[in-house]
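Visitor:
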Amino acid sequence: MRNYYSYGGLGASNTYLGDLWSFDPSKPGWTLLQCSGNSPGFRSSNAVWDGQHMLLLGGKNADGLLKAFWSYTPGIGWQQLADAAMGPRAFQTMVWDTTASRLYVFGGLDVNGLQQDDFWMYTSGSNWVRVTPSSSGVGTGRPAGRQEAFGAWDSKDNLMLLMGGWEAGQGVPYYGVWAYDPNQNAWGLVTPDYPGNSSNPGPHIIPGRTASAIVWDAAHQRAYIYAGNSSYQSRNNLNDLWILY
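Sequential numbering from 144 applies to the sequence shown in our numbering.
#1: Could you tell me the alpha carbon to alpha carbon distance between residue 334 and residue 324, rounded to whole angstroms?
#2: In the DSSP assignment, find the beta strand (DSSP E) that holds residue 245 and state where it starts and stops.
#3: Between residue 270 and the rest of its own chain, which residues show a CB-CB distance below 8 Å, the 5 nearest in sequence each way excluded?
#4: What separation, rounded to the nearest whole angstrom, lies between the Cα atoms of residue 243 and residue 179?
#5: Decide if the region 348-357 is in contact with the region 373-386; the criterion is three or more beta carbon pairs, one per stretch, under 8 Å apart.
#6: Grab me the residues of residue 221's own chain with a C-beta within less than 8 Å of its C-beta, minus the 5 sequence neighbours each way, in chain order.
#7: Taking the C-alpha atoms as reference points, what is the distance between residue 248 and residue 365?
#8: Considering only the beta carbon of each residue, do residue 200 and residue 187 sit closer than 8 Å?
#9: Cβ of residue 317 within 8 Å of Cβ of residue 285?
#10: Alpha carbon to alpha carbon, how far is residue 185 from residue 328?
#11: Using CA atoms only, rank isn't needed, just tell me which of 275, 149, 274, 256 is closest to residue 192.
#12: Skipping 5 residues on each side, what residues in its chain have a beta carbon closer than 6 Å to that of residue 231?
#13: The ligand FAD and residue 157: does the residue's C-beta get closer than 7 Å to at least one heavy atom of that ligand?
Okay, here's the thing in structure tokens:
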């Protein structure tokens, strides 16, 4: 059974943190890890696990948005990698492709306060590459710009799943579930981004939300989606659990 790692974030009184913790499911409680050398510093940031390392990209601290890209190896420490090619970015969606061992990054908030729809790929030991899907049409053939969307890698169908998020000018978070197929280099919309009646989305459609927790259950070939916020402005917290398969 593997450990869970958590780094930094926004703590009490809106203070940015820079501590690294480990949770072992076989033992009770958390362990504060001490690392020698450089570290990402104080920040709230997104991270993924690539099978051997925790990858941490960009984020935000008291000075603004960040672009630094870091890798943490358990028992060894931190290593700084190539800066994010898209520039400083926060609230982006990060998904690790367990099939081809590569990182996908979608959208997020840029330094001008705009939600972006750019799509990037990083392979361990290489540089960043911008991905240009073959489909076209913002919001039709690919996801529109957004921040605080969440995603997971579907190892059953070898797809990147992306859901939710928010864009300035939209009254409610996005509902839609998108799937990116690397073999076709194209996005597909699995469920509508906006149902006909946002107050009653209908059966089998997960209500729009931001900043939810999502994990892929490889044993049962399904994704679990938990909680999040139903409104970006009012930050209404949710506590519902959904299965996507």
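Every residue gets a Cβ at the ideal spot worked out from N, C-alpha and C, and that includes glycine.
Guide: In short, the structure shows the following:
#1: Their backbone Cα atoms lie some 16 Å apart in a straight line.
#2: Counting along the chain, the beta strand (DSSP E) containing residue 245 begins and ends at 245-252.
#3: Only 225, 228 meet the Cβ criterion.
#4: Computed Cα separation, rounded: 32 Å.
#5: Yes, since at least three Cβ pairs between the region 348-357 and the region 373-386 fall closer than 8 Å, the two stretches touch.
#6: Spatial neighbours of residue 221 in its own chain (CB-CB distance under 8 Å, excluding positions within 5 residues in sequence) are listed in chain order as 178, 180, 181, 182, 183, 213, 214, 215.
#7: In this structure, the CA atom of residue 248 is about 21 Å from the CA atom of residue 365.
#8: Taking 8 Å as the Cβ cut-off, residue 200 and residue 187 do not qualify as a contacting pair.
#9: In terms of Cβ geometry, residue 317 and residue 285 do not form a close pair [threshold 8 Å].
#10: Looking at the two C-alpha atoms, the distance is approximately 36 Å.
#11: Across the set 275, 149, 274, 256, the C-alpha of 149 shows the shortest separation from the C-alpha of residue 192.
#12: Contacts found: 208, 209, 210, 254.
#13: In terms of ligand content, the structure shown is empty, and the ligand FAD therefore cannot be addressed.
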